[in-house]
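Below is one structure, written out as structure tokens, with a few remarks after it.
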Amino acid sequence: MYVYADNAATTALSPRALEAMMPYFTETYGNASSLHSPGQRAAEALQRARETVAAAINADFKEIYFTGGGSEADNQAILTGAAIGARKGKKHIISTAFEHHAVLHTLAKLEKEGYEVTLLDVHKNGVVTAEDVAAAIRPDTALVTIMMVNNEIGTIQPIAEIAAVCREKGVLIHTDAVQAVGHIPVDVKALGVDMLSMAAHKFHGPKGVGALYARRGVPLVNVIEGGQQERGKRGGTENIPGIVGMAAAIAEATTDLEAHMAYVTGLREKLIEGLSKIPHSCLNGDRDKRVPGTVNFCFEGIEGEGLLLWLDQKGVAASSGSACTSGSLDPSHVLLALGLPHEIAHGSLRLSVDAWNTEEEIDHILWAVPEVVDYLRDMSPVWDELERGVTPHLI
Amino acid sequence: MALYSETVMDHFQHPRNVGEMPDADGIGEVGNAVCGDIMRMYIKVKDGIITDVKFKTFGCGSAIASSSMATEMIKGKPITEALELSNKAVAQALDGLPAHKLHCSVLAEEAVRAAVKDYYEKNHIPYDPAIFGCDDCVKAHEHAPAEE
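As structure tokens, this is what we get:
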């Protein structure tokens, strides 16, 4: 058995989305900007897709801008907030320490251009509060950008409350909802956000396509200059097959969402219960304020990359926030933001399941993980010292 | 291309000489849990020959494979030869390591040397400190600067 438990990284394309996409590669291949009938059929498909995506998040179709993915949507939203603020002399942006790099690196770029960025503490449980945001807002704050669901630990941020604070203070609010859409209810009106990013491949749509919701009246700044596509806000011939696939996938993912959430939450609870039996392990992130399918654990005395390689051999695809897997000196900035010491953060494991996973697959994971953890601890000098009491257990 | 060569994967999945050695003549431990890898090397020495080696490693796949390969390369060899084991030789024997994993082979080289040094000290064998270089060799293990 091989279990794919890395759905927060990407998901398999839904057969329905694939089927919807196919005609747009070979039959209806026209450019949506062309006046001839193949082009017009593509334009009609684009419009239908825009309406479907808008409906899924309770937006107006004119508020949906298709992009080349979630990162591009994040870039565009933040650059927009920064530009709008700059016109009024406001150059302060608030975000959190555990955002996706698409956000953090865009903010770092803006810092070099003279903006000031405040990264809020995410507390031990990985949840920012509206009070934290309110306290950080200054007269020169242009934008607040906070993710709806954290990609590594799955904690849900109180975006509606944060947006209410922002509205009251007249500050723009963007949320990176890449890990939320298709997994929990996302309603832009109920949330009260000005901008929201999403990516198709996180909900069984194709890779390379995403969308930015921008509330009517928010003048987007281009990341890609070009033709009049996306009402002039995103140049380049539209990726019609991708956009059609995104629409099919979002429709499928948001149909019976409550039932899917209940099912996936059940799988997750079984995972948490099973993994908690491993001694000296801990669940990262708030126990309850979390997306249905994401679980992140640390196991003391082992390193994450070895864990992943062995799990792959045993038939489990997972991910880790260890330094060795991030390709840099430090373990994941998300785990460090929670206040975890480096040596604990190195031994992290993220399992992300969704409605495509089964109970049997959870059983398989719960067989494989303890076995691999035991094996690696057995050859770990760190574990040896912990067990002999030379160094104290931290978890 | 896969991240690791077949040889690395082989040594990772079937590590040679893994374990402890209660009656070791020399034990070397290098690395740092904060950085994410620690290697401990045990050696048994008879008549200047390393007759047995064992290791324990906390670290990524390439750290485990590098330790395993290093133990194979020094087992049965004279100490003088073990001291000449270079990280390059370990990495080459593994059919290469990704650039950002080369420090794992450096760690293996250091672990061997640390075990030999410990053996010399425990047995009051005089040695030229110069062969072990500076005491903060751990610096060699410093990673590339984090991406900016």
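Quick mapping for you: the protein sequence lines, in order, are chains A and B. Per the numbering used here, residue 14 is the first one in the first sequence, and the count goes up by one each step. Per the numbering used here, residue 24 is the first one in the second sequence, and the count goes up by one each step. The beta carbon of each residue, even a glycine, is placed where N, CA and C say it ideally should be.
Query, Result
"Name, please, each residue of chain A whose Cβ falls closer than 7 Å to the Cβ of B/I61.", "P394, V395"
"Are at least three pairs of beta-carbons, each pair with one atom in the segment 154-167 of chain A and one in the segment 288-304 of chain A, less than 8 Å apart?", "yes"
"If I measure Cβ to Cβ from A/H196 and keep anything under 6 Å in the same chain, skipping five residues before and after, which residues do I get?", "V304"
"Can you name the start and end residues of the beta strand (DSSP E) that A/R363 belongs to?", "361-365"
"With 9 Å as the limit, tell me which residues of the segment 310-336 of chain A have their beta carbon closer than that to any beta carbon of chain B; keep them in chain order.", "G314, I315, E316, G317, E318, G319, L321, L322, W323, Q326, S335, A336"
"Taking the continuous alpha helix (DSSP H) assigned at A/R226, which residues delimit it?", "According to the sequence displayed, residue 226 of chain A carries Tyr and not Arg. No alpha helix (DSSP H) holds A/Y226; the beta strand (DSSP E) holding it covers 223-227."
"Check each residue of the segment 40-61 of chain B: if its Cβ is closer than 8 Å to any Cβ of chain A, include it; give the result in chain order.", "V41, G42, E43, E52, A56, V57, C58, G59, D60, I61"
"Out of B/T80, B/L117, B/P149, which has the shortest C-alpha to C-alpha gap to A/S393?", "B/T80"
"Quick one: which chain A residues come within Cβ less than 9 Å of B/P38?", "M392"
"So the candidates are B/L125, B/K140, B/C127, B/S91; which of them puts its Cα closest to the Cα of B/D33?", "B/S91"
"When you compare the CB of A/H293 with every CB in chain B, is at least one pair closer than 7 Å?", "no"
"Alpha carbon to alpha carbon, what distance is there between A/G205 and A/V184?", "12 Å"
"Can you list, in chain order, the residues of its chain whose CB lies under 8 Å from that of B/A169, leaving out five sequence neighbours each side?", "The predicted position of B/A169 is uncertain, since its pLDDT is 36 and thus under 50; a value taken from the coordinates is nonetheless stated next. Closer than 8 Å at Cβ, skipping near neighbours: no residue."
"So for A/N44, helix, strand or coil by DSSP?", "coil"
"Suppose you measure from the CA of A/R281 to the CA of A/H346; what does that come to, to the nearest Å?", "24 Å"
"For a contact meaning CB atoms closer than 9 Å, what does A/P344 contact in chain B?", "G59"
"Measure from the C-beta of A/E431 to each C-beta in chain B and report whether the shortest distance is under 7 Å.", "As displayed, chain A neither begins before 14 nor continues past 408, which places residue 431 of chain A out of reach and without an answer."
"Chain B beta carbons: is any one of them nearer than 7 Å to that of A/H359?", "yes"
"Using a Cβ-Cβ cutoff of less than 6 Å, which residues in the same chain neighbour A/V162 once the five nearest sequence positions on both sides are dropped?", "I169, Q192, A193, V304"
"Would B/G119 pass as an interface residue toward chain A - the criterion being a Cβ-Cβ separation below 7 Å?", "no"
"With 16 as the cutoff for other CB atoms within 10 Å, does A/L59 come out buried or exposed?", "buried"
"Relative to the C-alpha of B/L108, which residue among B/T74, B/V139, B/K69 is closest?", "B/V139"
"Taking 7 Å as the CB-CB cut-off, is B/K79 touching chain A?", "yes"
"Run through chain A and tell me which residues come within less than 9 Å of B/I66, C-beta to C-beta.", "Within 9 Å Cβ-Cβ: nothing; B/I66 doesn't reach chain A, min ~15 Å."
"The alpha helix (DSSP H) spanning A/H118 covers which residue range?", "114-125"
"Counting only Cβ pairs nearer than 7 Å, list the residues of chain B close to A/E356.", "A56, V57"
"Between the Cα of A/T19 and those of A/S333, A/W380, A/E356, spot the shortest distance and give me the residue it belongs to.", "Note that residue 19 of chain A is Asp in the sequence shown, not Thr. Nearest of A/S333, A/W380, A/E356 to A/D19, Cα basis: A/S333."
"What are the residues that DSSP puts in a beta bridge with A/N309?", "A/R363"
"Of the residues A/A272, A/V329, A/E181, which one's Cα is nearest the Cα of A/W381?", "Here the sequence assigns Ala to residue 381 of chain A, which means Trp is not the residue at that position. Minimum Cα distance to A/A381 is reached at A/V329."
"Is B/H164 helix, strand or coil by DSSP?", "With a pLDDT of only 43 at B/H164, under 50, the local geometry of the prediction cannot be trusted, and no value is derived from it."
"Do you know how far the Cα of A/A260 is from the Cα of A/R29?", "11 Å"
"What number of angstroms, rounded off, separates the C-alpha of A/T39 from the C-alpha of A/P171?", "44 Å"
"Verify whether the separation of the beta carbon atoms of A/A262 and A/S27 is less than 7 Å.", "yes"
"Opposite A/L389 in the DSSP bridges: which residues?", "Answer by DSSP bridge pairing: none, since A/L389 is not bridged."
"Compare the C-beta of B/G99 against all C-beta atoms of chain A and say whether one is closer than 7 Å.", "no"
"As an exercise, report each continuous beta strand (DSSP E) stretch of at least 3 residues that is fully enclosed by the segment 34-81 of chain A, in chain order.", "77-80"
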